[in-house]
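**Q** In this text, residue positions in the sequence shown follow my numbering: the first is 31, and each later residue adds one. Backbone N, C-alpha and C fix where the C-beta goes; we use that ideal spot for every residue, glycine too.
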Amino acid sequence: ASRDPANHLLHCARVRRIPAEGIRAALLATAGVIDRKPFGPSVPVHITDFMRHNRSPDASGPIDGERRRSVYIEYRRNGLNHFLTAFDKPLPSTTIGQRHQSNSAAQPLMLLNDPLVHELTQTWANRLADAFDDDAAAIEAAYQAAYGRLPVEAEQNAILTFLQQRPDKRLEAWSDVCLALINNKEFIFLR
């Protein structure tokens with residue numbers, strides 16, 4: 031670091047965000063519900079009441095896109111997937127040589143408030159609560175699923191303390207933990 035402070039020689043990898051489709055796939059995979067089946071027909075895009083207008087598609091697809099990867103979600107100019115758009119999926123009406131990577135307030139808000147995220151974190155929380163009686167083991171499994179690593183002691187202790195404060199609402203507490211793990215920068219950025 032002292033010999034190459036500007037990283038011209040690329041002595042360390044630059045932090046980069048996962049593309050929109052990868053973030054959505056990571057959410058589905060972390061929740062344990064991704065459908066990896068290749069090929070097949072496109073899944074209609076989910077249209078909310080806010081998105082509906084006179085040129086919207088007639089049918090609205092499921093909020094989770096039938097749990098398929100983003101490449102299988104129908105992409106329409108007049109019915110864009112708001113989650114993918116927030117994370118810079120290019121518009122279908124333009125060509126682009128390299129994707130932009132913005133950092134906007136919409137992105138963390140999407141991970142915090144989007145109904146798809148809440149549905150998937152609730153599914154993930156249910157799976158963890160059902161599979162583990164021991165919260166420490168569940169925390170390790172959650173970290174492995176979300177980040178591909180075990181939690182450090184401080185992370186483990188903080189989550190255990192949080193869970194112990196809400197013993198009567200274990201499932202709700204686990205849902206909050208899962209939402210917090212999804213909203214950590216480590217979930218959407220690669221180092």
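On a CA-only basis, which of W154, L121, H112 and K119 is nearest L139? Give me that one, please.
**A** It is H112.
**Q** Whose CA, out of H41, P122, P49 and Y177, lies closest to the CA of F217?
**A** Ranking H41, P122, P49 and Y177 by Cα distance to F217 puts Y177 first.
**Q** Report yes if the C-beta distance between L220 and I48 is below 8 Å; otherwise report no.
**A** In this structure, I48 lies closer than 8 Å to L220 by Cβ.
**Q** At what residues does the alpha helix (DSSP H) containing Y177 begin and finish?
**A** Start and end: D165 to Y177.
**Q** Decide if the stretch 170–187 is in contact with the stretch 107–121; the criterion is three or more beta carbon pairs, one per stretch, under 8 Å apart.
**A** No, the stretch 170–187 does not touch the stretch 107–121.
**Q** Using only the alpha-carbon positions, how far apart do R66 and E96 sit?
**A** Looking at the two C-alpha atoms, the distance is approximately 11 Å.
**Q** Taking all protein chains shown into account, decide if D163 is buried (16 or more other Cβ within 10 angstroms of its Cβ) or exposed.
**A** Looking at its Cβ environment, which holds fewer than 16 other Cβ atoms inside 10 Å, D163 is exposed.
**Q** Identify which residue in R46, S32, L39 and G127 has its Cα closest to the Cα of K215.
**A** Comparing Cα-Cα distances from K215 to each of R46, S32, L39 and G127, the minimum goes to R46.
**Q** Name the two residues that bound the continuous alpha helix (DSSP H) containing I53.
**A** First-last of the alpha helix (DSSP H) with I53: A50 to A61.
**Q** Under the assumption that V147 contacts L57 (Cβ atoms under 8 Å), give the Cβ distance between them as a whole number of angstroms.
**A** With a Cβ gap of about 7 Å, V147 and L57 count as contacting.
**Q** Within this structure, are the beta carbons of D118 and Q131 separated by less than 8 Å?
**A** Yes, the Cβ-Cβ distance between D118 and Q131 is below 8 Å.
**Q** How should T78 be labelled, buried or exposed, when 16 other C-beta atoms within 10 angstroms of its C-beta is the threshold for buried?
**A** With fewer than 16 Cβ atoms within 10 Å of its Cβ, T78 is classed as exposed.
**Q** Can L114 and E51 be called in contact, C-beta distance under 8 Å?
**A** For L114 and E51, yes; Cβs fall inside 8 Å.
**Q** Can you tell me whether DSSP reads R103 as helix, strand or coil?
**A** Before going on, a small fix: residue 103 reads as Ile here, not Arg. Correct three-state label for I103: strand.
**Q** Pull up the distance between the alpha-carbon of N37 and that of R44, whole angstroms please.
**A** Each residue's alpha carbon lies about 9 Å from the other.
**Q** Using 10 angstroms around the beta-carbon of D160, count the other beta-carbons present and answer buried if the total reaches 16, otherwise exposed.
**A** It counts as exposed.
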